[in-house]
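As structure tokens, this is what we get:
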């Protein structure tokens, strides 16, 4: 049985839990980093022994044991070389683990996001989610591949250096270590304090907000240019930039005093060793052994600052990583659409709404007791004022959300009791706002059925009336669309590619959400031909604002304020002189509008 994760863990412990089986590789790599740190000490030991030999024969250099000095010099060089070998293999191990963990986390997040209801994406901007998947996960890779071995190496090196100093002379060791400890904890207390953690959260929120606002700003660039506006007039983007600037300033101010004190003390450890050493040396000026120890400490205490500075920098990164892990967990904690324990297969493709009520926020119903049946081989049209609930009805069928009350049945089975793959295989959805990938036109159509043959893709494109304009492209079906170097299609062309996808999928249920919204009269005619090919022998649900496009529907449902207020055929509804008749008359009147001087 799969072990349940404890998402109450935080920071590095939670990160290691996410790492899963890669923890063994990380542990092995960290051991190699510790061994590397041990061998890194040999040049310092060599220096100490050579200094002692030189000072002990200061009066007569000729009496110095040259072979002894050369031997220790070789030890230092060999030890340093061995240290780099262990460092290399330790780094390789953490890089391999990091990339595997990085891939695993991204796959896990994207799979989980794919199981979430669309309401999650309404509450969270695309830029925010993108920042978490890209930047926060990338920082985890950077930490595991580079900073984790550095942190282990720095800690082990610091402990070894302190042990060596204490073994040589505890008095000079304390003169070096105590100021370093004071400096480190002064900085650490500011980094790990409550105020610092709050500022880090504020900083990260501001970074996410500026990412989300940047996406909106770029998308809104045509409107900004048309109206001659500047970034200052795009209030949300401007405000998020100012908030980010202020957050950075506060974040920096919070560390200012502590960091300056920490850096000054740490880079001047020799100043604490020097007076203590002079006092001790003054007691016996002829003590050559202590003199060599004193000189060694003046050199070695300065080296003590290096691992402490690395630990301080990496400790701050641990805070950033912990915040990133927390935000990744926030996504993973989102409740996906429930999976049925005992899935059932529908018998047929009739769609039945049974007293369906639905609310996006759990308070205000946008659908109220909606009931209707859409039979196989018939066309059901949804019409009504904007915001009446038409698109919500359509999006509940492929279970983008779960209903609050009532049930939606396909082939006599509640869609909540169907496997997601079974439901998706039965429903094709052509959105009003079509999304095409930055890829070739061929691959964009192939999304409808990745297993389709080349001939099937061509036939779908021809049926969707998009073969001619695709063939006219520079590279035909291999023409890339979107992005910096891709071709940009018109709205009508994009919708015909979306219809080609739906034809290729050939699902028995088809939902068309204003599928001809962006088509000009010529394109609309071609779209209608394509749709006639698509809807044959299927259960079809159409949302339309142009009532002329759904006159032949088997039933028309008029939606107003989340309720079905009228239902019938085109002729029946005109005879009733209700809301549908008013909308039809308004459409005829608007068609006669003229622009005159």
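Numbering (the working numbering), first residue to last: 548 to 1144.
Backbone N, C-alpha and C define an ideal beta-carbon position, used for all residues, glycine too.
Q) Does the separation of the CB atoms of residue 967 and residue 1088 fall below 8 Å? A) Mapped onto the chain shown, residue 967 falls at position 420. Mapped onto the chain shown, residue 1088 falls at position 541. Contact: no.
(Q) I believe residue 712 touches residue 720 by the beta-carbon criterion, under 8 Å. Please report the beta-carbon distance rounded to the nearest angstrom. (A) For this step, residue 712 is matched to residue 165 along the chain shown. For this step, residue 720 is matched to residue 173 along the chain shown. About 4 Å; that satisfies the 8 Å criterion.
Q) Is it a yes or a no for the stretch 952 to 972 touching the stretch 895 to 909, going by three-plus beta-carbon pairs under 8 Å? A) Counting Cβ pairs under 8 Å, three or more are found: they touch.
(Q) Beta-carbon within less than 8 Å of residue 548's beta-carbon, same chain only, minus the 5 sequence neighbours each way: which residues are those? (A) Within the chain shown, the letter at position 1 stands for residue 548. Annotation note: pLDDT 38 at residue 548 (below 50); position unreliable, coordinate value reported separately. Nothing meets the Cβ criterion.
Q) Would you call the stretch 578 to 588 and the stretch 817 to 826 in contact, with 3 or more CB pairs under 8 Å? A) No: fewer than three Cβ pairs fall under 8 Å.
Q: Please classify residue 1161: is it buried, with 16 or more other beta-carbons within 10 angstroms of its beta-carbon, or exposed?
A: Since the first residue of the chain shown is 548 and the last is 1144, residue 1161 is not available in this structure.
Q. For residue 853, which option in 627, 965, 1028, 810 has the closest C-alpha, if you only look at C-alpha atoms?
A. Taking the first residue of the chain shown as position 1, residue 853 is located at position 306. The option with the nearest alpha carbon to residue 853 is 810.
Q. Going by other Cβ atoms of all chains shown within 10 Å of its Cβ, with 16 needed for buried, is residue 997 buried or exposed?
A. Stepping through the chain shown from its first residue, residue 997 is reached at position 450. Counting every other CB atom within 10 Å of its CB across the protein chains shown gives residue 997 a total below 16, marking it as exposed.
Q | Boundaries of the beta strand (DSSP E) in which residue 925 is found, first to last residue | A | As a working note, residue 925 is residue 378 in the chain shown. No beta strand (DSSP E) holds residue 925; DSSP gives it neither H nor E.
Q. Can you name the start and end residues of the alpha helix (DSSP H) that residue 637 belongs to?
A. Numbered from 1 along the chain shown, position 90 holds the residue referred to as residue 637. Where residue 637 is concerned, the enclosing alpha helix (DSSP H) stretches over 613 to 661.
Q. Taking one C-beta from the stretch 936 to 952 and one from the stretch 1117 to 1125 each time, how about it: are there three or more such pairs within less than 8 Å?
A. With fewer than three CB-CB distances shorter than 8 Å, the stretch 936 to 952 does not count as touching the stretch 1117 to 1125.
Q: Out of 1025, 1018, 980, point me to the one whose CA is closest to residue 993's CA.
A: By 1-based counting over the chain shown, the position of residue 993 is 446. Minimum Cα distance to residue 993 is reached at 1025.
**Q.** Beta-carbon proximity list for residue 746, same chain, < 7 Å, skipping 5 on both sides
**A.** On the chain shown, position 199 is the one that residue 746 refers to. Contacts found: 797, 798, 801.
Q | Cβ pair count under 8 Å reaching 3, the stretch 1046 to 1056 against the stretch 969 to 987 | A | Enough Cβ pairs lie closer than 8 Å, so yes.
Q: Locate the alpha helix (DSSP H) running through residue 1122, then write down its first and last residues.
A: Locating residue 1122 in the chain shown gives position 575, counting from the first residue. Note, residue 1122: alpha helix (DSSP H), 1117 to 1123.
Q: Please check the pair residue 875 and residue 683, which I expect to be a contact at CB under 8 Å, by giving their CB distance rounded to whole angstroms.
A: As a first step, residue 875 must be located in the chain shown, where it is residue number 328. As a first step, residue 683 must be located in the chain shown, where it is residue number 136. Right, their Cβ atoms sit about 6 Å apart.
Q: Take residue 844 and list the residues in its own chain whose beta-carbon comes closer than 6 Å to its own, dropping the five residues that flank it on each side.
A: The residue you call residue 844 lines up with position 297 of the chain shown. Closer than 6 Å at the Cβ level, and outside the excluded window around residue 844, lie 719, 820.
Q) Within 10 angstroms of its Cβ, does residue 894 collect 16 or more other Cβ (buried), or is it exposed? A) Indexing the chain shown from 1 puts residue 894 at position 347. So residue 894 ends up on the exposed side.
**Q.** As assigned by DSSP and simplified to three states, the class of residue 1132
**A.** Counted from its first residue, the chain shown places residue 1132 at position 585. Helix, per DSSP.
**Q.** Beta-carbon proximity list for residue 676, same chain, < 8 Å, skipping 5 on both sides
**A.** Here residue 676 is taken as the residue at index 129 of the chain shown, counted from 1. In its chain, beyond the 5 residues on either side, 660, 668, 878 have a beta carbon closer than 8 Å to the beta carbon of residue 676.
Q | For residue 1041, the three-state DSSP class (helix, strand or coil) | A | Taking the first residue of the chain shown as position 1, residue 1041 is located at position 494. In the three-state DSSP reduction, residue 1041 falls in the helix class (H, G or I).
Q) Is residue 853 helix, strand or coil when you go by DSSP? A) Counting from 1 along the chain shown, the entry for residue 853 is found at position 306. Helix.
(Q) Among 690, 1134, 889, 813, whose alpha-carbon lies nearest the alpha-carbon of residue 732? (A) Here residue 732 refers to the residue found at position 185 when the chain shown is read from its first residue. The shortest Cα separation from residue 732 among 690, 1134, 889, 813 belongs to 813.
Q: Out of 1105, 619, 1014, state which residue places its alpha-carbon closest to the alpha-carbon of residue 937.
A: For the purposes of this step, residue 937 is identified with residue 390 of the chain shown, where counting begins at 1. The shortest C-alpha separation from residue 937 is found at 1105.
Q.
Judging by CA-CA distance, which residue of 597, 1085, 1111, 1130 is the nearest neighbour of residue 839?
A. Taking the first residue of the chain shown as 1, we reach residue 839 at position 292. It is 597 whose Cα lies nearest to the Cα of residue 839.
**Q.** Three-pair Cβ contact test at 8 Å for the stretch 905 to 923 versus the stretch 687 to 697
**A.** Fewer than three pairs of CB atoms, one per stretch, sit closer than 8 Å, so the stretch 905 to 923 makes no contact with the stretch 687 to 697.
Q) If residue 1092 sits next to residue 1061, beta carbons under 8 Å apart, how far is it from one beta carbon to the other, in whole angstroms? A) Position 545 of the chain shown, counted from the start, is the residue given in the question as residue 1092. Position 514 of the chain shown, counted from the start, is the residue given in the question as residue 1061. Rounded, the Cβ-Cβ distance is 6 Å, consistent with contact.
Q.
Given this structure, state the Cα-to-Cα distance separating residue 904 from residue 918, to the nearest angstrom.
A. Position 357 of the chain shown holds residue 904. Position 371 of the chain shown holds residue 918. About 10 Å.
Q: Measure from the alpha carbon of residue 574 to the alpha carbon of each residue in 641, 831, 1135, 932, then state which is nearest.
A: As a working mapping, residue 574 is identified with position 27 in the chain shown. Ranked by how close their Cα comes to the Cα of residue 574, the residues 641, 831, 1135, 932 have 641 in first place.
Q: Please confirm whether residue 687 and residue 653 have their CB atoms less than 8 Å apart.
A: Translated into positions along the chain shown, residue 687 becomes position 140. Translated into positions along the chain shown, residue 653 becomes position 106. Result no, Cβ atoms of residue 687 and residue 653 do not sit closer than 8 Å.
Q: Using 10 angstroms around the beta-carbon of residue 1123, count the other beta-carbons present and answer buried if the total reaches 16, otherwise exposed.
A: Here residue 1123 refers to the residue found at position 576 when the chain shown is read from its first residue. By the neighbour-count rule (16 or more Cβ atoms within 10 Å), residue 1123 is not buried but exposed.
Q | For residue 1013, the nearest candidate out of 872, 1029, 991, 1000 (CA to CA) | A | Your numbering for residue 1013 matches position 466 in the chain shown. Per the Cα distances, 991.
Q | DSSP bridge partner residues for residue 1086 (one or two, in chain order) | A | Here residue 1086 refers to the residue found at position 539 when the chain shown is read from its first residue. 1056.
Q. Roughly how many whole angstroms lie between the Cα atoms of residue 593 and residue 658?
A. Position 46 of the chain shown, counting from 1, holds the residue named residue 593. Position 111 of the chain shown, counting from 1, holds the residue named residue 658. About 55 Å.
Q. Relative to the C-alpha of residue 979, which residue among 1042, 1027, 961 is closest?
A. What you label residue 979 is simply residue 432 of the chain shown in a count that begins at 1. Cα-wise, what sits closest to residue 979 is 1042.
Q: Measure the C-alpha to C-alpha separation of residue 1135 and residue 1045 and round it to an integer number of angstroms.
A: Start at 1 with the first residue of the chain shown, and residue 1135 comes out as number 588. Start at 1 with the first residue of the chain shown, and residue 1045 comes out as number 498. Cα to Cα, residue 1135 sits roughly 29 Å from residue 1045.
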